[in-house]
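Asks: Sharing a structure with you now.
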Amino acid sequence: MDAAELLTAEACALALRREELEKDEATLVQSEAIAVQNKMLAEKKLMDIGGYECVVRILRKDLAG
Numbered sequence: 003m004d005a006a007e008l009l010t011a012e013a014c015a016l017a018l019r020r021e022e023l024e025k026d027e028a029t030l031v032q033s034e035a036i037a038v039q040n041k042m043l044a045e046k047k048l049m050d051i052g053g054y055e056c057v058v059r060i061l062r063k064d065l066a067g
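Here it is in structure tokens:
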């Protein structure tokens, strides 16, 4: 394999890796958005069942004790 073929093969491998990284980045962005939505839903549920402040106090008590 001469130098030109080697560089071509490396360029192809890098292009494939770049595509994989771009897909991974898109998946990460989507996961972060889902996590934020889930956090908001969880906070809403906490407020529905007794108020956010009450839950924070309970959690602080658990962490301190």
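Mapping to my numbering: the sequence shown position 19 is 21, numbers consecutive.
Don't be surprised by glycine CBs; every beta carbon is placed ideally from N, CA and C.
#1: Under 8 Å by Cβ, that's how I've got L48 and V57 pegged, so tell me the actual separation to the nearest angstrom.
#2: So, helix, strand or coil for I36, using DSSP?
#3: Distance, Cα to Cα, I51 vs K63?
Replies: Result, derived from the coordinates:
#1: 5 Å
#2: helix
#3: 18 Å
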